[in-house]
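Single-structure report; data block below.
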Amino acid sequence: MASISSTLGILATLAKWFFTDKPTSAAIDITRRCNLKCKHCYWWQQDHPPEMSTSETARFMKSLKASGLRVALLYGGEPTLRLELCREASRIFDSALIFTNGLNGFPELGNAQWLVSLEGPREINDAIRGDGVYEEVKRNISRAHRAPLVHMTICRPNSSRKAIEGFVREMCSLPIKGIGFSFYTPVNSPADGELFVPLHERDQIVDLLLNLREKYGKRVGITQAMARQLKSNGAFAHWNQYQLCPVSERVRCFCSDGSPKRCTYGDEADCSKCGCAAVVAYRGAFHPLDLSTLRVIIGLLRP
Ligand code: SF4
Ligand code: SF4
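Converting from the sequence shown to the working numbering requires adding 10 to each position, the first position being numbered 1.
Okay, structure coming up:
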């Protein structure tokens, strides 16, 4: 449960989103290491700077908080390989969202919310992430002290109706807080062609996701307003350039040595084909104001 100071901090962040155009969040790659080697993972195809020590990173986080960034998004590599930093972030920031592959479980951390990435049903997930990973992560979800969020990146190999619905049905039978969806964003990698779902196909999948929310309930984390942000005939063209994307205004992104980078997807990400769930949720909640998407965001920020 979020503490009173964390809840007040989250309210302050929401107020900043309403009333200012200032940055509110820090996205940090706290490690460049990972305990998996997923097929197609862009992380392995990019160069990454060395890691700061634990004390250097903690000092860095404190300076970010002091500069007004109240929410942390922790990425890697695999953040649980530096669990002490996950713990620090949960103490320092009002809210910390930690993206994990789920293999090391979901330790209880004050103001932190775990988001576990899976690629779809077992056969597809394990073909990408490795044999046995799906069942291991399911076991860890069932044992978690606090229900994690699940995140699926929709790409060509997992984009069939059968795969998406089967996965959503199975996840909704587990003790999860909710399930969210991004679409693969090209990052100038040789695998882009195999992974990117063309925009006209994406439109149909977005409709499918809305139907699944009707069928399986509000833990399926997509609203009509979020769908509108993704649709090629909706609001997509209003944000799919760097200068228009909320990341450029609200989120400061950093590598594991504290140097800045353009986007959490890396400097080469193709904004014109972006499928980032965080952008879609933010824009869906505030452009224009939409209460059901705002509830999705508060659920994300509030452990
Ligand atoms: S868990 Fe994430 S960072 Fe690690 S290999 Fe897989 S996709 Fe890449
Ligand atoms: S890739 Fe997406 S999230 Fe990143 S800056 Fe571009 S539009 Fe924003």
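Every residue, glycine too, gets a C-beta built ideally from N, C-alpha and C. Source: prediction; values computed, not measured.
Inset, instruction - Output the residue ranges of the beta strand (DSSP E) runs that lie fully inside the region 75 to 127 and measure 3 residues or longer, sorted by chain position. - result: For the region 75 to 127, whole beta strand (DSSP E) runs of length 3 or above, ordered along the chain, are 81 to 85, 105 to 110.
Legend entry - Every unbroken alpha helix (DSSP H) within the region 14 to 81, with a cutoff of 4 residues, ordered by chain: Given a length threshold of 4 residues, each whole run of the alpha helix (DSSP H) inside the region 14 to 81 is given here in chain order: 14 to 29, 64 to 76.
Inset, instruction - Please name the residue, chosen from Ala82, Pro298, Arg312, that lies closest to Phe314 on a Cα-to-Cα basis. - result: Past the edges of the chain, shown from 11 to 313, lies residue 314, and the structure says nothing about it.
Inset, instruction - Give the straight-line distance between the Cα atoms of Ser169 and Pro196, rounded to the nearest whole angstrom. - result: One-based indexing of the sequence shown puts residue 169 at position 159. One-based indexing of the sequence shown puts residue 196 at position 186. The alpha-carbon of Ser169 is positioned some 16 Å away from that of Pro196.
Legend entry - Residues near Ile108 by beta carbon distance below 6 Å, same chain, minus five either side: Within the sequence shown, the letter at position 98 stands for residue 108. So the list reads Leu84, Pro89, Cys96, Ala122, Trp124, once near-sequence residues are dropped.
Legend entry - Which residues DSSP lists as bridging Pro270, in chain order: Walking along the sequence shown from the start, residue 270 turns up at place 260. In DSSP, Pro270 forms a bridge with Phe264.
Legend entry - Beta-bridge pairing of Ile189 - partner residues as DSSP gives them: As a working mapping, residue 189 is identified with position 179 in the sequence shown. Note: Ile189 is bridge-paired with Val160, Val230 in the DSSP secondary-structure output.
Inset, instruction - Determine, using beta carbons only, whether Arg80 and Ala22 come nearer to each other than 8 Å. - result: Here residue 80 is taken as the residue at index 70 of the sequence shown, counted from 1. Here residue 22 is taken as the residue at index 12 of the sequence shown, counted from 1. Yes, the Cβ-Cβ distance between Arg80 and Ala22 is below 8 Å.
Inset, instruction - Please report the Cβ distance between Ala291 and Thr303, rounded to the nearest whole angstrom; I am assuming they are in contact, meaning their Cβ atoms lie under 8 Å. - result: Position 281 of the sequence shown holds residue 291. Position 293 of the sequence shown holds residue 303. Taking the Cβ atoms as the reference, Ala291 lies roughly 6 Å from Thr303, within the contact range of under 8 Å.
Inset, instruction - Kindly list the residues whose CB is nearer than 7 Å to the CB of Ile232, restricted to its own chain and excluding five residues on each side of it in sequence; keep chain order. - result: By 1-based counting over the sequence shown, the position of residue 232 is 222. Correct list, in chain order: Phe191, Leu219, Leu220, Arg223.
Inset, instruction - Determine the direct distance from the alpha carbon of Asp31 to that of Glu129, and round the result to whole angstroms. - result: Within the sequence shown, residue 129 is the residue found at index 119, counting from 1. Within the sequence shown, residue 31 is the residue found at index 21, counting from 1. Approximately 34 Å, taken between the alpha carbons.
Legend entry - Alpha-carbon to alpha-carbon, Gln239 and Thr163: Along the sequence shown, read from residue 1 onward, the residue named residue 163 stands at position 153. Along the sequence shown, read from residue 1 onward, the residue named residue 239 stands at position 229. Thr163 and Gln239 have their alpha carbons spaced roughly 16 Å apart.
Legend entry - Other residues of its chain near Leu184: CB distance less than 6 Å, five sequence neighbours each side excluded: Numbered from its first residue, the sequence shown carries residue 184 at position 174. The answer, listed in chain order, is Ile151.
Inset, instruction - With DSSP collapsed to three states, give me the class of Leu205. - result: Taking the sequence shown and counting its residues from 1, one reaches residue 205 at position 195. Helix at Leu205.
Inset, instruction - On the DSSP bridge assignment, give the partners of Leu299 in chain order. - result: Residue numbering aside, residue 299 sits at position 289 when the sequence shown is read from its first letter. Residue pairing by DSSP places Leu299 opposite Phe296 in a beta bridge.
Inset, instruction - Please state if the CB of Val178 and the CB of Tyr194 are separated by a distance shorter than 8 Å. - result: Position 184 of the sequence shown holds residue 194. Position 168 of the sequence shown holds residue 178. No, these two residues do not count as a Cβ contact at 8 Å.
Inset, instruction - Confirm the yes/no value for this check: CB of Ser192, any heavy atom of ligand 2, distance under 7 Å. - result: Within the sequence shown, numbered from 1, the residue matching residue 192 stands at position 182. Not under cutoff, so the answer is no.
Inset, instruction - Give me the Cα-Cα distance between Asp141 and Ala25, rounded to the nearest whole angstrom. - result: For the purposes of this step, residue 141 is identified with residue 131 of the sequence shown, where counting begins at 1. For the purposes of this step, residue 25 is identified with residue 15 of the sequence shown, where counting begins at 1. Their backbone Cα atoms lie some 45 Å apart in a straight line.
Inset, instruction - Grab the span of the alpha helix (DSSP H) containing Cys182 for me, first residue to last. - result: If you number the sequence shown from 1, residue 182 lands on position 172. 171 to 182 is the span of the alpha helix (DSSP H), which, as asked, contains Cys182.
Inset, instruction - Please classify Ser314: does DSSP put it in a helix, a strand, or coil? - result: Outside the shown range of the chain (11 to 313) lies residue 314, about which nothing can therefore be said.
Inset, instruction - Consider the C-beta atom of Gly86 and the heavy atoms of ligand 1; say whether any pair is separated by less than 7 Å. - result: As a position in the sequence shown, residue 86 is number 76, starting the count at 1. True, at least one ligand heavy atom lies under 7 Å from that Cβ.
Inset, instruction - Say yes only if the C-beta of Lys47 is nearer than 7 Å to one or more non-hydrogen atoms of ligand 1, and no if none qualify. - result: One-based indexing of the sequence shown puts residue 47 at position 37. Correct: Lys47 has its Cβ closer than 7 Å to ligand 1.
Legend entry - Proximal residues to Glu175 (C-beta, below 7 Å), its chain only, five neighbours per side dropped: Mapped onto the sequence shown, residue 175 falls at position 165. If you ignore the 5 residues before and after Glu175, its C-beta comes within less than 7 Å of the C-beta of Leu222, all in its own chain and listed in chain order.
Legend entry - Residue of Thr34, Leu18, Ile307, Ile20 minimising C-alpha distance to Arg260: Start at 1 with the first residue of the sequence shown, and residue 260 comes out as number 250. Ranking the options by Cα distance to Arg260, first place goes to Thr34.
Inset, instruction - Taking Lys148 as part of the alpha helix (DSSP H), name the residues at either end of that continuous run. - result: Walking along the sequence shown from the start, residue 148 turns up at place 138. Segment 143 to 153, the alpha helix (DSSP H) holding Lys148.
Inset, instruction - Quick one: residues in its chain with C-beta nearer than 8 Å to the C-beta of Leu209, no 5 flanking neighbours on either side, listed in chain order? - result: Translated into the one-based positions of the sequence shown, residue 209 becomes position 199. Cβ neighbours of Leu209 within its own chain (closer than 8 Å, five residues either side excluded): Ser242, Phe246, Lys283.
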